[in-house]
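See below for the structure under consideration.
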């Protein structure tokens with residue numbers, strides 16, 4: 011029996027943007043005539059593709075090309091479009107949406123798709139003309155108008171959208187600087203290594219990037235003139251584009267009494283706390299998450315359509331999505347959990363010559379994340395492996411090389427991966443040597459060792475990272491006839507390179523940052539480990555005095571907090587006593603400090619100074635301030651640095667003294683303090699061969715004799731006991747100081763991190779040190795001058811700087827307060 | 003079963019990347035870490051080995067090297083890595099409106115288990 015046609019239920023959508031229209035499209039596809047549909051949009055435009063604003067700005071697309079739903083779409087589907095009028099309130103009991111022009115629109119089912127608003131930092135000047143966001147068509151028009159006048163643009167926010175804005179502005183001829191709050195660009199998608207490469211690629215496109223840059227004000231009178239930064243810096247700008255995240259537009263929902271946290275809270279059917287009202291898109295919060303990327307929003311739209319017009323079987327769930335940066339010629343792709351976790355393993359592939367970085371994150375033989383830079387073609391394939399959750403155990407060895415190779419090798423023994431490579435496969439990226447050339451050389455020239463292959467083909471002769479591959483080829487060609495040579499001991503598990511090679515490359519290639527070293531030397535981990543990071547920090551500091559910015563987070567706690575950590579987490583404080591000399595005023599200040607801060611233990615050290623033990627970390631700056639007021643500076647008792655210069659009383663008092671050993675010790679200490687070295691350096695000056703200052707078991711010692719000064723080197727009296735060797739004998743104090751500084755500089759430039767002078771000397775030989783420091787006067791002079799140059803930047807008392815407030819956060823504990831119960 | 007007790011420990015900007023800050027709650031030291039990728043983690047600030055302050059260690063990946071004897075502790079599980087074994091308590095962290103919140107309710111739960 012035919013039923014009387016019932017009036018169709020009224021579906022009203024607030025929001026004429028991508029999410030609202032896509033939801034309607036999905037509903038129409040499932041049940042074309044089910045609803046009488048009305049869409050309310052505040053913007054006067056038809057629905058366009060916001061994702062394409064970047065290409066629109068860059069001039070790669072026109073507005074017509076980015077329209078998603080033209081007027082005809084609304085007409086053909088019988089949709090009533092109310093454009094250019096904002097919805098002002100939702101009357102939930104009357105099921106009515108009230109509009110700004112007074113109209114009331116009745117609904118049976120309501121979808122809220124109000125999107126989001128760009129977040130603008132709440133700092134002075136945010137409303138100045140010339141400060142814009144990057145969100146809609148008007149923003150793009152404003153930016154294009156600014157570009158016609160030219161000049162400088164600052165983009166605040168180095169996320170996906172901010173970088174695309176920067177690229178668009180640069181394409182339009184602007185001089186662009188990106189300011190980013192975090193130390194890593196696109197930190198939600200990239201790691202430090204990929205960020206380093208991206209910064210390099212952006213620089214090549216004329217875009218400068220400043221990391222850890224916090225905006226404190228927009229500066230200008232009638233319009234914006236620049237951006238003030240919290241470190242005192244200033245970035246001049248004729249245009250400022252703010253792209254610092256989004257905030258869901260949930261005010262309308264909140265005013266209507268719907269459940270709202272950061273966004274409108276919905277369940278997996280996209281239903282809000284009112285059963286007649288649904289929400290979709292960037293205004294939504296689901297399981298505590300907000301949504302800014304398009305893929306999960308499309309998933310929401312599909313699930314919502316299933317709920318309203320289908321069988322409701324499809325529920326919304328957060329799933330992995332891939333992200334690609336839309337900057338021409340800059341291949342960047344990120345998917346899944348790139349940051350890894352404790353059980354996960356990283357597979358890292360770097361090709362320094364081609365600027366490629368790939369990192370796959372595995373968890374129990376499943377791929378869970380991928381970051382690709384420079385070659386992103388396999389991104390979607392990796393994403394499909396992440397989503398499927400299938401085991402990749404059988405393709406593990408070849409996975410990082412991409413889909414084509416992995417599929418070609420399917421079923422082959424993974425250990426022989428290289429055996430399956432085509433003859434044209436490149437083995438050595440540095441010298442462009444392919445597999446066939448190496449095999450031919452081995453066969454024709456009867457090569458049997460790695461060095462032979464290097465000499466003939468140049469493969470593995472530059473950066474050396476293809477050495478294992480070349481060895482595999484040799485082993486395959488020669489069978490048992492191949493013996494692997496003694497390998498250089500790598501710095502740590504993050505790299506194949508030894509310390510010396512890394513130091514050489516830093517200087518030769520002018521590598522200036524830790525991420526630069528890791529990329530260019532093809533590190534196997536994304537950000538190193540607790541062994542290589544402090545070593546690299548020292549090597550860079552030594553190579554580029556005054557230029558390299560010390561990375562305190564790559565320093566051991568003692569050098570970061572400028573005190574020695576004790577077993578209970580307190581610190582010890584050892585002020586410098588030049589040559590072991592002190593005074594009543596200094597002793598009084600030490601006594602006062604010990605009482606004032608309840609310092610439990612005061613002890614005389616073996617290095618002729620006084621140790622205050624058990625100082626609480628938060629007290630350190632105040633302790634230093636008091637000691638500094640009495641003229642004392644850091645003794646660097648905590649550092650890989652010059653420690654003490656121990657002395658005896660010398661010719662001033664001692665009946666056996668031959669020279670002023672105390673005076674020379676003070677001179678040496680005043681000249682050399684503050685210098686960072688590969689490991690600690692202890693010195694002493696004895697006034698006669700009776701050697702009361704024990705100079706012959708120090709890293710560097712001076713023994714005074716009637717005719718001058720014996721310079722000793724390479725002693726130790728700790729884990730190992732070793733007497734010094736005599737480096738040379740000189741006639742004057744000035745000569746002694748030049749010799750000691752030159753030898754120390756050679757040690758600074760040549761030794762491995764944490765290698766004491768005696769170990770360095772055992773490795774390179776005393777003769778080699780003598781040849782470079784004693785016999786070669788010109789080289790000595792050059793070493794001495796480099797030491798003096800480095801001292802210009804290192805003789806700053808770290809205690810005084812921190813007593814004045816530097817790194818205050820390091821010493822201040824957080825102050826927690828009980829919070830309101832939180833959802 | 004204890005409930006969540008969220009405390010506001012400070013502004014997000016107070017914890018820079020690859021660094022940690024600490025506070026004491028109910029006589030228990032707690033460290034809040036920010037890994038190089040920006041993610042925040044909170045652990046009871048005691049190495050399972052000799053009680054060293056993990057907040058003072060060098061961070062790499064999602065792990066921290068204890069400053070006393072170089073044990074490597076996972077920020078996500080609190081467990082010692084490699085050949086070492088032992089575990090410190092992990093606490094949930096949330097960021098709302100630029101403030102960092104830590105759930106210290108887990109301290110009760112850990113104490114109940116002990």
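Protein chains in written order, with our numbering: chain R, 11 to 833; chain D, 3 to 116.
Ideal placement from N, C-alpha and C gives every residue a C-beta, glycine not left out.
Buried or exposed by the 16-neighbour rule on C-beta atoms within 10 Å, applied to residue i
i	result
residue 315 of chain R	buried
residue 99 of chain D	exposed
residue 653 of chain R	buried
residue 374 of chain R	exposed
residue 423 of chain R	Because the pLDDT at residue 423 of chain R is just 48, under 50, the model does not fix this residue reliably, and the point stays unresolved.
residue 514 of chain R	exposed
residue 708 of chain R	buried
residue 565 of chain R	buried
residue 3 of chain R	There is no way to answer for residue 3 of chain R, as the model of chain R reaches only from 11 to 833.
residue 785 of chain R	exposed
residue 594 of chain R	exposed
residue 677 of chain R	buried
residue 634 of chain R	buried
Collapsed DSSP secondary structure at residue i in the structure displayed
i	result
residue 693 of chain R	strand
residue 607 of chain R	coil
residue 91 of chain R	strand
residue 311 of chain R	helix
residue 57 of chain R	strand
residue 780 of chain R	helix
residue 63 of chain R	helix
residue 83 of chain D	coil
residue 549 of chain R	helix
residue 755 of chain R	helix
residue 666 of chain R	coil
residue 718 of chain R	strand
residue 706 of chain R	helix
Length of the line joining the Cα atoms of residue i and residue j
i	j	result
residue 92 of chain R	residue 147 of chain R	19 Å
residue 21 of chain D	residue 665 of chain R	55 Å
residue 690 of chain R	residue 11 of chain D	38 Å
residue 650 of chain R	residue 37 of chain D	26 Å
residue 47 of chain D	residue 56 of chain D	5 Å
residue 498 of chain R	residue 507 of chain R	7 Å
residue 94 of chain R	residue 51 of chain R	6 Å
residue 602 of chain R	residue 590 of chain R	20 Å
residue 247 of chain R	residue 237 of chain R	7 Å
residue 836 of chain R	residue 141 of chain R	Because chain R is modelled from 11 through 833, residue 836 of chain R falls outside the range shown and cannot be assessed.
residue 29 of chain D	residue 416 of chain R	54 Å
residue 517 of chain R	residue 553 of chain R	7 Å
residue 30 of chain R	residue 261 of chain R	17 Å
According to DSSP, residues forming a beta bridge with residue i
i	result
residue 686 of chain R	R:651
residue 43 of chain D	D:35
residue 189 of chain R	R:166 and R:220
residue 563 of chain R	None, per the DSSP bridge assignment.
residue 177 of chain R	The partner list for residue 177 of chain R (beta bridge, DSSP) is empty, contrary to what the question assumes.
residue 444 of chain R	R:436
residue 524 of chain R	Its beta-bridge partners do not exist; DSSP assigns none.
residue 279 of chain R	According to DSSP, which records beta bridges pairwise, residue 279 of chain R is partnered with nothing at all.
residue 3 of chain R	Limits of chain R in this structure are 11 at one end and 833 at the other, which puts residue 3 of chain R out of reach.
residue 146 of chain R	The partner list for residue 146 of chain R (beta bridge, DSSP) is empty, contrary to what the question assumes.
Where the beta strand (DSSP E) through residue i begins and ends
i	result
residue 163 of chain R	162 to 166
residue 99 of chain R	97 to 101
residue 800 of chain R	No beta strand (DSSP E) contains residue 800 of chain R, which is instead part of the alpha helix (DSSP H) from 787 to 804.
residue 8 of chain D	8 to 13
residue 27 of chain D	21 to 27
Residue interval of the alpha helix (DSSP H) (run including residue i)
i	result
residue 516 of chain R	509 to 518
residue 347 of chain R	Careful: residue 347 of chain R lies outside any alpha helix (DSSP H) and carries neither H nor E.
residue 334 of chain R	That residue, residue 334 of chain R, is in no alpha helix (DSSP H); its beta strand (DSSP E) goes 332 to 334.
residue 86 of chain R	81 to 86
Any non-hydrogen atom of the ligand SAM closer than 8 Å to residue i Cβ
i	result
residue 101 of chain D	This structure simply doesn't include the ligand SAM, nor any ligand for that matter.
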